[in-house]
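Numbering (our numbering), first residue to last: 931 to 1163.
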Amino acid sequence: MKTIGKALANKIAMIIIILLVVVIGFFAIKYFIPNLFGGTTSSQYKTIVKKFSQESELVVAGAESETTASHTFTNDNIKSWPNWAKPIVSVVVGRNVTVSVPIKTEFKLELKGITSKDVNIKNNVLTFRHPITVEVDSQQNGLIKANNSDGIVDKIVDAATSGAKAQEFLDNKTQETISKTSDNVMNDSERQTKVLKFAQEDLENLLNLGSKEHLSVELHQKDLKFINIDKTN
C-alpha cells in the first residue's frame, strides 16, 4: 500500500514538474525570445526590410515645395552665349538680364540598404536606430522667363528663350540657382516639420499595405538626414 502511494505521489510530482516546464517554456517563447528582436519576430523584420528594399526610394507625398527663383546673367556672361542667343546680346549689351526660374522641390526617402539592424519594433511601433537619408531634389518646373522690368528688352529675351533649345541652355545655366533653392528649402524648419509629418504617414502606408497587423511609425527630426542631390561642385 505504501509502495502504491509512493508511486502515485511520484507520478503527481512528475506531472506537476512537466506542467511547470510547459508553463515556463510558454512564457519564455512569448516574452523572452521576441525581445531578442526588439519586441517582434525575425520573420516580421524580414517582411518589413523586404518592403523597404522593393520600394527603394519613397517620394514624400504632400511635402513638395514650389517656388520661383531669380537668376541674373551679367553682361560678361551674356557675351559668351551661343549664336542663337545673339538677338539678346545685341539688345541688352551693357546691362544684365534677370530671369525667373519656376522650381519644384521633392523629398525622397532613401530606403535601399535598410536592414533589420537599422530598425526597432516594439508594441507595433517602428523606430529607426540610424537616420534615414532624405534626398532633396529640385527641378525646373515650367518655362524660364525674363522679369518684367523693361518691356522692350523682356519681349526680345522671351522670344529668344522660348524654344526648347534655349530652355535647355538656360536650365544648364541656372543649375546653381536650382541647387541654392534646394539648400534654402531643406534648411527651412517649417518645411522639415512638414517632411517629417508626411514621411511618417507614407512609411506607415507602405508598411501596412496588404498587412493584417497595423504598424505605427515614430519619427523625430534627428531621424532624417537631408542631402542636396543638386549640389554643384
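Glycine residues also receive a C-beta, built at the ideal position from the N, C-alpha and C atoms.
In the structure shown, residue 1118 falls within a coil segment according to DSSP collapsed to helix, strand and coil. Close CB contacts of residue 1113 within its chain, under the 7 Å cut and outside five residues either way in sequence, are with 1158 (chain order). Out of 945, 1147, 1155, 942, the CA that lies nearest to the CA of residue 1049 is found in 1147. If you ignore the 5 residues before and after residue 1104, its C-beta comes within less than 6 Å of the C-beta of 1001, 1031, all in its own chain and listed in chain order.
Boundaries of the beta strand (DSSP E) harbouring residue 1034: 1027-1040, taken from the DSSP string. Residue 1052: member of the beta strand (DSSP E) spanning 1049-1052, first to last residue. Measuring C-alpha to C-alpha distances from residue 1055 to each of 978, 998, 946 identifies 978 as the nearest.
Non-local beta-carbon contacts of residue 1044 in its own chain, meaning distances under 7 Å to residues more than five positions away in sequence, involve 979, 982 in chain order. Classified as buried, residue 1064 has 16 or more neighbouring CB atoms from the shown chains inside 10 Å of its CB. Close CB contacts of residue 998 within its chain, under the 8 Å cut and outside five residues either way in sequence, are with 1030, 1031, 1032, 1033 (chain order). The alpha-carbon separation between residue 1154 and residue 948 amounts to approximately 51 Å. The beta-carbon separation of residue 988 and residue 1038, rounded to 7 Å, stays under the 8 Å limit for a contact.
The beta carbons of residue 1036 and residue 1067 sit closer together than 8 Å. Linking residue 1139 to residue 1131 through their CA atoms gives a straight-line distance of about 12 Å. By the beta-carbon neighbour count (other beta carbons within 10 angstroms, threshold 16), residue 991 is exposed. Residue pairing by DSSP puts residue 1068 in a beta bridge opposite 1035. The alpha-carbon of residue 976 is positioned some 27 Å away from that of residue 1125.
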